[in-house]
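Counting along the sequence shown from 1, when you hit position 236 you're at 253 in the working numbering, and nothing is skipped either side. What follows is one structure encoded as structure tokens, with my remarks underneath.
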Amino acid sequence: MARADLLLQLVQAALTHDERRVRGSVEALASEERLKRHTVLADELTRLLRTSPPPPNSHRQPGHQHTDGLMEVHPKRRLADLALPESASEDLWALVEEQHRADLLRAYNLEPRHRVLLIGPPGNGKTSCAEALAAELAVPLLVLRYEKVITSYLGETSLNLGRVLDEARLRHCVLFLDEFDTLAKERGDEHDTGEVKRVVSTLLMQIDQLPSHVVVCAATNHSELLDRAVWRRFQLKLSLPNPTRDQRVRFAQGLRERLGMGYERSPRTIVDRLGSISYAELEDFFLELRRRQILAGDLDGESEELLTKALSSWNNRARGTEGD
Ligand SMILES: Nc1ncnc2c1ncn2[C@@H]1O[C@H](COP(=O)(O)OP(=O)(O)O)[C@@H](O)[C@H]1O
Ligand SMILES: [Mg+2]
């Protein structure tokens, strides 16, 4: 016999025509039955859910479901491939486990966490984390394409965002909102007509209402621009700062091994010459050096000259970007 509270919840949801809650209750029933080893019943319930996908929102036109506001990426990078602060790594693995074992959580009326804010300067793994999460969960990464949804008409923008999120909610996926502050910061803009605020509030509400099988990853380099309403919505806030010297040295050692480089000069010396830079920049430097070595036939990486040249062109480039 199924748990009384789940049955009551199901009946109540059905009587109020709340399809989302009906589906949630059926999912919970299925996992409950599976735990009790009533596999045939559990399979049948799951089959029913699968064979009748949720209908499009009633106020939307059928056929408007497919938008090009989402770019689908098939993720390859894994979490273990990334150099992450320990706390961030633990949080991400915890989220992966909650998602993998969502049925068990739902049998106890709990949902897995699914809203993640990734904070940090460029090149330290925000996009990579979203991709790796998708890879660990074996689901696609759907990247929101702002250029396709934001138009000069705010009303239209809201509608577009709604369509895109409706499309995402039908899938088990990681939804990636890059540079989230560009949208959210408008809330604090005093020249605001009030409409921008409404667009952002609507987006936040829509994010809130996404089912837990949509893992939302929002990334920002400017967390100070996000107000508390935004902050509160994310269950996990992960900081990915620039790497420390030790972290850079370890990363450089890993890169040298991966690229099959056999440099005499210790990575520590090279890292010190490069200064405080991001993982992405460090990777760029070593990739470029390796290209030069291979093209010069210096497979063992013995040429001091190539290294010196790479370092000096790196320094020139760095000075060029500082703008003084
Ligand atoms: N923490 C990291 N661990 C391993 N590689 C990284 C890390 N951060 C950045 N990279 C490398 O730099 C590239 C760019 O990083 P990305 O994830 O796009 O950074 P962000 O989105 O924070 O700007 C990645 O594709 C990866 O090769
Ligand atoms: Mg990025």
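Just so it is clear, CB atoms sit at the ideal spot from N, CA and C, and this is done for glycine as well.
So who's on the other strand from residue i, going by DSSP bridges?
i	result
residue 162	Answer is none; residue 162 lacks a bridge partner.
residue 99	Paired residues: none, contrary to the question.
residue 193	160, 234
Alpha helix (DSSP H) containing residue i: first to last residue?
i	result
residue 49	36-52
residue 143	143-154
residue 173	171-186
residue 316	Here residue 316 belongs to no alpha helix (DSSP H), and DSSP marks it neither H nor E.
residue 56	56-68
residue 167	No alpha helix (DSSP H) contains residue 167, which DSSP labels as neither H nor E.
residue 94	Residue 94 -> no alpha helix (DSSP H), and no H or E assigned at all.
residue 294	Neither: residue 294 is in no alpha helix (DSSP H) and is coded neither H nor E.
residue 123	119-124
residue 23	21-32
If residue i sits next to residue j, beta carbons under 8 Å apart, how far is it from one beta carbon to the other, in whole angstroms?
i	j	result
residue 193	residue 147	4 Å
residue 160	residue 90	6 Å
residue 229	residue 107	With a Cβ gap of about 20 Å, residue 229 and residue 107 do not count as contacting.
residue 317	residue 279	5 Å
residue 188	residue 149	Actually they do not touch by this definition, with Cβ atoms about 18 Å apart.
residue 251	residue 299	No, residue 251 and residue 299 are not in contact; Cβ-Cβ is about 28 Å, not under 8 Å.
residue 131	residue 232	5 Å
residue 143	residue 236	4 Å
residue 102	residue 243	Not really, about 20 Å apart at Cβ, beyond 8 Å.
residue 266	residue 288	5 Å
residue 16	residue 191	Given that the chain is displayed from residue 18 to residue 341, the structure contains no residue 16 and the question cannot be resolved.
Skipping 5 residues on each side, what residues in its chain have a beta carbon closer than 8 Å to that of residue i?
i	result
residue 162	85, 86, 87, 88
residue 295	138, 139, 140, 141, 259, 260
residue 123	41, 44, 45, 48
residue 82	Confidence is the limiting factor: at residue 82 the pLDDT is only 40, short of 50, which leaves the residue's position unreliable, though a coordinate-based value still follows. Closer than 8 Å at the Cβ level, and outside the excluded window around residue 82, lie 73, 180, 183, 184, 187.
residue 110	96
residue 313	320, 323
residue 121	48, 52
residue 66	40, 43, 44, 47
residue 115	122, 129, 130
Looking only at its own chain, which residues have a Cβ that is under 6 Å from the Cβ of residue i, when we skip the five neighbours before and after it?
i	result
residue 64	none
residue 113	153
residue 220	178
residue 272	303
residue 50	58, 59
residue 306	327
residue 56	none
residue 168	174
residue 165	85, 86
residue 77	Low local confidence applies: a pLDDT of 38 at residue 77 is under 50, so the model's placement there is unreliable, with the coordinate-based value given in what follows. Cβ neighbours of residue 77 beyond the five flanking positions: none.
residue 75	Model confidence at residue 75 stands at a pLDDT of 37, short of 50, so the residue's coordinates are unreliable; what they give is reported in the following sentence. Once the five neighbours on either side are set aside, residue 75 has no close Cβ partner at all.
residue 270	284
residue 119	129
residue 134	235, 251, 254
residue 276	307
residue 222	none
For the beta strand (DSSP E) containing residue i, name the first residue and the last one.
i	result
residue 89	87-90
residue 136	132-136
Going by beta carbon distance, what residues of the same chain come within less than 7 Å of residue i, once the five residues before and after it are set aside?
i	result
residue 68	none
residue 264	100
residue 331	291, 302
residue 31	39
residue 309	323, 327
residue 23	42, 45, 46, 49
**Request:** Starting from the N-terminal side, write out each stretch of the alpha helix (DSSP H) that is 4 residues or longer and does not extend beyond the stretch 211-280.
**Result:** 212-225, 245-250, 262-275
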